[in-house]
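**Student:**
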Amino acid sequence: MELSNLSNYLDDVDNYSDYPDYTYEETSSVWTDPSHDPKDIARILSVVIYSVSCVLGILGNGLVIAIITLKMKKSVNAIWFLNLAVADFLFNIFLPINISYTAMRYNWIFGTVMCKLNSFLLILNMYTSVLLLTTISFDRYVSVVFPVWSQNHRSTNLAYLVCLIIWTVGIIMSCPSLVFRDTAQAHNSVICFSNFSLSRNKSYQALALMRHRTVNITRFLAGYILPITIITFCYIAIVFNLRRNRLAKSKKPFKIIVTIIVTFFLCWSPYHLMNLLETKPDMIPRSVFEISIPITTALAASNSCMNPVLYVFMGQDFKKFKVTILSRLVNALSEEMGHSSIVHRSFSKMSSMTEKETTVL
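Quick note on numbering: the sequence shown equals residues 82 to 442 in the working numbering.
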């Protein structure tokens, strides 16, 4: 699709994006020195964040996948963390494409199909990650609050089935990117953007705005509000039960997953905020979007490399200087994989003591 005046077109039909849609135009900028142009600074910062995320993500998540696959016993927790790493790794291997796009001042050279796929993978990574984190939180809630039921029904087969459902839901929820992402000629470059109107006709403006708001609000509710509500409830209930039953020591294995969840929402919160504000473009000047969207999108993408880093820095052996990174990953993952047995043993011990007390009475 080629448009003679893309900027007017985008304004008319209210199109926005998952990745930055804005084309760098020196003639339209009020900044005479490109090095001091906020848009250019945001673009360069985005390239740096993407590049670091790509390198750390491919190496870190690749290691996690190898460790869980080759060195870990297949358990429910191993399945959760393996799928989390696969979701991040799949996104990481496509990051070089977006690095090139951003580095070339948003000139898309990879065709319409890759434009759709690139955005699809970002949203798929968001949904699969947040659904897996929600599932892990709920799984731990059940392990603590209903330990007997968990021991009797918790199985690897059920975990595989849940992961299959999560990937299916994630793919379905990410499909709008495959439908609406498009490419267009803009001055001397090609951009990859969300064409919510699917037409050049201005009469479709209201329909485009409705689609845009529907997609963004759905992502905000399903990919942010609902998961964070469930996760918060689960961990409040967990803490309450641990304190009530005086199992303070059992809280230690939760530290890594809680940190992973907090990090996820810190990385994705600005992205969701900008997505919501996009649905009300009159509230904020367009120049703010041109600066903030590249940075918030890069920050969201950076979450894909965070988990392996957290495994290393939060493992019990991190303070031992001579311990290798591989060992730290193994130990940190082992801490997480073993949390359920610790919880179950604690509750079994507590139940046994309760039975003895009842017999004596």
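Glycine included, each C-beta is placed from N, C-alpha and C at the ideal position. Predicted model, so just to flag it, every value in this text is computed and none were measured.
From the DSSP secondary-structure annotation, give me the bridge partner or partners of residue 272.
**Tutor:** 265
**Student:** If I'm right that residue 184 touches residue 376 with Cβ under 8 Å, what's the distance once you round it to whole angstroms?
**Tutor:** With a Cβ gap of about 15 Å, residue 184 and residue 376 do not count as contacting.
**Student:** To the nearest angstrom, how far is it from the Cα of residue 190 to the Cα of residue 169?
**Tutor:** Taking the straight line from one Cα to the other gives about 24 Å.
**Student:** Could you tell me how far apart the beta carbons of residue 134 and residue 383 are, in whole angstroms, since I believe they sit closer than 8 Å?
**Tutor:** Right, their Cβ atoms sit about 4 Å apart.
**Student:** Write down every uninterrupted run of the alpha helix (DSSP H) in the region 308 to 374 whose length is 4 residues or greater and which is fully enclosed by it, in chain order.
**Tutor:** 336 to 359
**Student:** Tell me which same chain residues have a C-beta within less than 6 Å of the C-beta of residue 402, skipping the five on either side of it?
**Tutor:** Note that residue 402 scores a pLDDT of 40, beneath 50, so its modelled location is shaky; the value from the coordinates is reported in the next line. Closer than 6 Å at Cβ, skipping near neighbours: no residue.
**Student:** Give the C-beta separation of residue 125 and residue 218 to the nearest angstrom, bearing in mind that I take them to be a contact with Cβ-Cβ under 8 Å.
**Tutor:** Not confirmed; about 37 Å, so no contact.
**Student:** Is the CB-CB distance between residue 222 and residue 348 below 8 Å?
**Tutor:** Their beta carbons are not under 8 Å apart, which means residue 222 does not touch residue 348 by this criterion.
**Student:** Give me, in chain order, the residues of the same chain whose beta-carbon lies closer than 7 Å to that of residue 146; leave out the 5 immediate sequence neighbours on both sides.
**Tutor:** 163, 166, 167, 170
**Student:** Please report how far the alpha carbon of residue 390 lies from the alpha carbon of residue 290, in whole angstroms.
**Tutor:** 40 Å
**Student:** Could you give the distance in angstroms between the alpha-carbon of residue 358 and the alpha-carbon of residue 345?
**Tutor:** A straight line joining the alpha-carbon of residue 358 with that of residue 345 spans about 20 Å.
**Student:** Taking only runs of the alpha helix (DSSP H) that begin and end inside the region 203 to 252, which ones reach a length of at least 4 residues, in chain order?
**Tutor:** Complete alpha helix (DSSP H) runs here, min 4: 228 to 234.
**Student:** Straight-line CA distance for residue 87 to residue 265?
**Tutor:** Note that residue 87 has pLDDT 40, beneath the 50 cutoff, so the model's placement of it is unreliable and the number below is only indicative. Cα to Cα, residue 87 sits roughly 8 Å from residue 265.
**Student:** Pull up the CB-CB distance for residue 201 and residue 258, whole angstroms please, since I reckon it's below 8 Å.
**Tutor:** 4 Å
**Student:** Using the three-state DSSP reduction, which class does residue 152 fall into: helix, strand or coil?
**Tutor:** coil
**Student:** Smallest Cα separation from residue 130: which of 380, 388, 229?
**Tutor:** 380
**Student:** Please name the residue, chosen from 207, 140, 256, that lies closest to residue 352 on a Cα-to-Cα basis.
**Tutor:** 207
**Student:** Which of the three DSSP states, helix, strand or coil, is assigned to residue 173?
**Tutor:** Reduced to three states, the DSSP call for residue 173 is helix.
**Student:** Could you please give the first and the last residue of the uninterrupted alpha helix (DSSP H) stretch that includes residue 294?
**Tutor:** 286 to 301
**Student:** In chain order, what residues of the same chain lie with their CB nearer than 8 Å to the CB of residue 318, ignoring the 5 residues before and after it?
**Tutor:** Cβ neighbours of residue 318 beyond the five flanking positions: 222, 225, 226.
**Student:** If you run the structure through DSSP and keep just helix, strand and coil, what is residue 306?
**Tutor:** helix
**Student:** Report all residues from its chain with a CB closer than 6 Å to the CB of residue 273; omit the five preceding and five following residues, and keep chain order.
**Tutor:** 189, 196, 264
**Student:** Sort 323, 159, 143 by Cα distance to residue 228 and report the nearest one.
**Tutor:** 323
**Student:** Just verifying my parser: in three-state terms, what is the DSSP assignment at residue 161?
**Tutor:** helix
**Student:** Starting from the Cα of residue 182, find the closest Cα among 161, 153, 128, 367 and give me that residue.
**Tutor:** 128
**Student:** With distances taken from CA atoms, which of 180, 304, 388, 141 is nearest residue 251?
**Tutor:** In terms of CA proximity to residue 251, 304 leads the group 180, 304, 388, 141.
**Student:** Would residue 270 pass as a contact of residue 187 if the rule is Cβ separation under 8 Å?
**Tutor:** yes
**Student:** Using CA coordinates, which residue listed in 246, 232, 286, 193 is at the minimum distance from residue 209?
**Tutor:** 246
**Student:** When the Cα atoms are used, what is the spatial distance from residue 148 to residue 267?
**Tutor:** 46 Å
**Student:** From residue 141 to residue 175, what distance separates their C-alpha atoms?
**Tutor:** Computed Cα separation, rounded: 15 Å.
**Student:** Identify whether residue 380 lies in helix, strand or coil by the three-state DSSP scheme.
**Tutor:** helix
**Student:** Quick check on this structure: which residue in 362, 243, 118, 260 has the alpha carbon closest to the alpha carbon of residue 160?
**Tutor:** 243
**Student:** Less than 8 Å between the CB atoms is what I'm expecting for residue 155 and residue 215, so what's the real figure, rounded?
**Tutor:** That belief does not hold up - the Cβ atoms of residue 155 and residue 215 are roughly 22 Å apart, past 8 Å.
**Student:** State buried or exposed for residue 363, treating a residue as buried only when at least 16 other CB atoms are found within 10 Å of its CB.
**Tutor:** exposed
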